[in-house]
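The next block holds one structure in the form of structure tokens; read it before the comments.
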Amino acid sequence: MLLNTLIIGSGYAIVAMAFRLMFSVSPFFNLALGASAALGAYLGYSLLPMFGVWAYPLILFGVILFTWTQEAFIYRPMRNAGASPMVLLVVSLGVYTIFESVIHLIFGPQYQTLGSAMDLTQFNLGFAHLPLVQLIIIILGLISLAGIYILLQRTFLGKEIRAIAGCPELAYTTGININRVIIIVSIVVGAILGLYGICVGFDTGMEPTMGFNILFKGMIGAIIGGPTVLAAYLGSMILALAENIGVWFFASQWRDLIAFVIFILLLWLRPNGIFVRAPKKMSCEFKLTKSKGNKK
Amino acid sequence: MKKLLSVLCACLALTACGKDDANTVVFGASLPLTGNMAHIGVSAKNSLEMALNEWNKKDTKFKYKLLVEDDAFEAKKVASIVNKFVNVDHAKAVFTVFSIGANVASPIAQNGHAIHMTCAYGSQPADGFYNFNNITQYDNQTDLMLAELKKRGIKSIALLVSNNIGSTQQAEILEQKIKKDKKIKLIGKEIFNPGTKDFKMIIEKILAHGTPDIFYVDGITPDANLIAKYLKETTGKINLTTINDFIETPERENFEGLWFVESASGTDEFNAQYEQQYGDQVYLCGANMYDNLNLLIEAYEQSETPDIDNDAVVQRLLNVKNKSGAIGTFSIDENGIVQSSATVKVIKKGKAIAIDK
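Those protein sequences? They're chains A and B, same order as listed.
Take the first sequence: its letter number 13 is residue 13 in our numbering, and every next letter is one higher.
Take the second sequence: its letter number 208 is residue 504 in our numbering, and every next letter is one higher.
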């Protein structure tokens, strides 16, 4: 159960961390992020038979371009024009729907897989067999966790991201180019989701609706954990564990029911996330006023 | 105001132009042309059109027109589409596939006195005078499954069933027969929700109670594919069987060499004709829909007057016995259920081949 929790939880965690990173600089529920993961899988389906291993950089480039294009040509102009997070959410839903329809038109509606080449490689752990692709998902989850943590805590870009997440107005007044930071973050997020999408294509296969399913559990993992990357990772693991408990101790069809009862219970007890203390009562406006006051 | 009236008149004129004359019999098909079951819907649509084209080349008493709309395998869309067919388009007959759509369509067709022909599991879709169901029934399929399990010396089995009405009903009948027969031990039964992607825990849970000789899956695409994959990962082999699931998906790589029970489907001649015409294989219900349309048109062609009476057509359909069609030989019983026989098949090079061949 613990190994399966780690495998499933790592998948949720990759999406949760990517979602959390994007949300920290562009605070709306970007549903089109699910499309980025699905694009990774479908580009893999098209390019891997043609280019073999050389397809991977092309797939990543494609997904990054897709995520960047959305940010540069859709969300940024709308944000600059004063669009609210609710409007951006609806627009991202539109982007996702268009993407899903295009995938449907090009690849058809049926279930497909990226082949079983990676399934054949398995690691015998004694108590269980671990396929290569699932090992890669676990490693990708850990690399994403470490990478995003280092990015946020040890780099100047990370400071900028944290400043924007804390108070965008204040970050802007200190000279941080918010649009540049969002573009860089969208590229990082696109790369993470693209890689994960390829893994999903190998592991459980793909269908045009896969993007939303991938994003859904990731978003819940991020909300359960809290606003930090580590919290999103751990929150995803708790979600996966709750699902597995549902399957093991109750009936399989109760998996989601048990998971969501635990989810609501945890958030009822800790509304800001399991791994977060109650927030300090200091709003962005207050910080801004305080900052202006200091200048005087 | 004059402009507005002109536009309204033009619209009315266009509407009048679109109306079919009294000699045209309109049929409507509500099929899943998008979504996970689209390959089934497209196959059914092609088969209906194939039958219609063949009739249109003949000198027939009436003209026949087929309207097709996409219900995306959603019950509420089926309701809206079938309502439109019956009440707006005045369709004389409607077609659906699978119980999600058929259960919704049958009362609408019944109330509108339109004939409803479907290919769906369960007896419910055929409830009512105007409803007909053309798929091999649970009893026939589960009897054959149990006989084949015993023939192959299977001593224990585990059931993995999707939480949808067709799958749960069929698996329940099989479970009851296995328990009554007492020759095969039921290791476990797990019902999972449609859309489940992770079957590892479900399989591990069953294995914790014992290792069955074979797993039986009853679900919707891609359940069987994923279960096969997880079985390979967990146990190192794919000891899996099903009723129909292996041929409901185009991805059959994991099922190579596996046997299963298939409801009456296309004959070799029909399958070859379909493949030649559409460049793709025909899926479950395709041949059944081809037969459904042929049966209907044959029954309408026996009408003497242009004012087509559906009650008389229903009576003619109920008299169909030992008829040869795209699914082989079949009869229609007094409840409007097509009686046909399932066969045991094996997947070879991605195709379902009858064991005796």
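We put the CB at the ideal spot given by N, CA and C, even for glycine.
Taking 7 Å as the cut-off, the beta carbon of ASN244(A) is found closer than this to the beta carbon of MET1(A). Scanning the region 86 to 155 of chain A for uninterrupted alpha helix (DSSP H) segments of 4 residues or longer gives 132 to 154, listed from N- to C-terminal end.
When TYR574(B), ALA504(B) and LEU455(B) are compared, the shortest CA-CA separation from MET441(B) is found for LEU455(B).
Taking a cut-off of 8 Å for Cβ pairs, the region 562 to 571 of chain B and the region 155 to 166 of chain A do not touch, as fewer than three such pairs fall below it.
For TYR512(B) and GLY9(A), the gap between their C-alpha atoms comes out near 28 Å.
Taking CB atoms only, ASN177(A) has no neighbour in chain B less than 7 Å away. Residues of the region 1 to 12 of chain A with a C-beta atom less than 8 Å from some C-beta of chain B are MET1, ASN4, ILE7 and ILE8, listed in chain order. Secondary structure at LYS485(B): strand, using DSSP grouped into helix, strand and coil.
Residue burial is scored here from C-beta neighbours: TYR172(A) has fewer than 16 other C-beta atoms within 10 angstroms and is therefore classed as exposed.
Close to chain A, meaning a Cβ-Cβ distance shorter than 8 Å, are the following residues of the region 510 to 540 of chain B: THR517, PRO518, ASN521, LEU522, LYS525, LYS528, GLU529, THR530 and GLY532.
In the structure shown, ALA32(A) falls within a coil segment according to DSSP collapsed to helix, strand and coil.
A straight-line Cα-Cα distance of about 53 Å links LEU215(A) and ILE604(B). Excluding residues up to 5 positions away in sequence, VAL609, ARG612 and LEU613 lie with their Cβ nearer than 6 Å to the Cβ of ALA595(B) in the same chain. Going by beta carbons, ASP509(B) and ILE461(B) fall outside the 7 Å limit. In terms of Cα proximity to ILE7(A), the closest of VAL102(A), ALA128(A) and PRO85(A) is ALA128(A). If you draw a 10 Å sphere on the C-beta of GLY82(A), you find fewer than 16 other C-beta atoms in it, and that means exposed. In the DSSP assignment, HIS505(B) falls within the alpha helix (DSSP H) that extends over 496 to 505. By the rule that beta-carbons nearer than 7 Å mark a contact, TYR111(A) touches chain B.
Within 7 Å of the CB of GLY331(B), the CB atoms of chain A belong to PRO109, in sequence order along the chain.
For VAL133(A), the nearest beta carbon of chain B is not closer than 7 Å to its own beta carbon.
DSSP places MET413(B) in the uninterrupted beta strand (DSSP E) bounded by 411 to 415. For a Cβ distance threshold of 8 Å, residue set SER252, GLN253, ARG255 and ASP256 of chain A lies close to ASN489(B), ordered along the chain.
One Cα belongs to ASN631(B), the other to ALA405(B), and the distance between them is close to 16 Å. A distance below 7 Å between beta-carbons, with the five flanking residues on each side excluded, links ALA259(A) to the following residues of its chain, in chain order: LEU239, ALA242, GLU243 and GLY246. With respect to chain A, the C-beta atom of LYS372(B) has no partner C-beta closer than 7 Å. From the beta-carbon of GLY141(A), no residue of chain B is found nearer than 9 Å; the closest lies around 15 Å away.
Interface criterion not met: the Cβ of ALA368(B) is under 7 Å from no Cβ in chain A. The beta carbon of HIS335(B) falls within 7 Å of a beta carbon belonging to chain A, placing the residue at that interface.
Taking a Cβ-Cβ cut-off of 7 Å, the neighbours of LYS496(B) in chain A comprise ASN4, given in sequence order.
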